[in-house]
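Under full-length UniProt numbering, read the sequence shown as residues 1 to 133, first letter to last.
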Amino acid sequence: MSYQTEFEEFYEQVKSSIQNGTFAKLTMAKTIGDTDLKNIFVRLRLLEDNSYDFAFTFRYKTEEVERFHSIEQTFLILSSYIKNPFTNALLFTTEKDLTFKVNKKGAGSLIEQLPTFKHASDVMLEMVEKKIV
């Protein structure tokens, strides 16, 4: 079984939440085994030219590393960490929380839950105010 279709749908929801102005944050969690990399946190970053990209925070056991990637690069980067070492990706929006999970057999699933956040991220709110999205 493959998780690619579900992960593509998950990422479409990420892009849709940005276009709708509801994006709060994205997190990769639940590692396979004991790994040095513990979490990846992804948030929006507004650039000086009013475009945007993603700020990644890679949380390791002993340090945090921040990197910046375009919307297009983000899908490839996140997908490279599925099952290597993460089994879950969580999208938090003001409309819902969406969890992508991949099981031991490699099957993917999407689970919708009530939203954790009542407000979009500050950067998202600024982008809406400036009519960037």
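By construction, the Cβ of each residue, glycine as well, lies at the ideal position given by its N, Cα and C atoms.
The beta-carbon distance between L98 and F10, rounded to whole angstroms, is 7 angstroms. This is short enough to meet the 8 angstroms contact definition.
With a threshold of 16 other beta carbon atoms within 10 Å, Q13 meets it and is buried. Nearest C-alpha to V65 among V42, L46, S80, A107: V42. Classified as buried, L78 has 16 or more neighbouring CB atoms from the shown chains inside 10 Å of its CB. Within 10 angstroms of the beta-carbon of I82 lie 16 or more other beta-carbons, which makes it buried. Taken through DSSP and simplified to helix, strand or coil, D122 comes out as helix. Residue state for K25 is assigned as strand, using DSSP reduced to three classes.
Going by C-alpha positions, F54 is about 5 angstroms away from H69.
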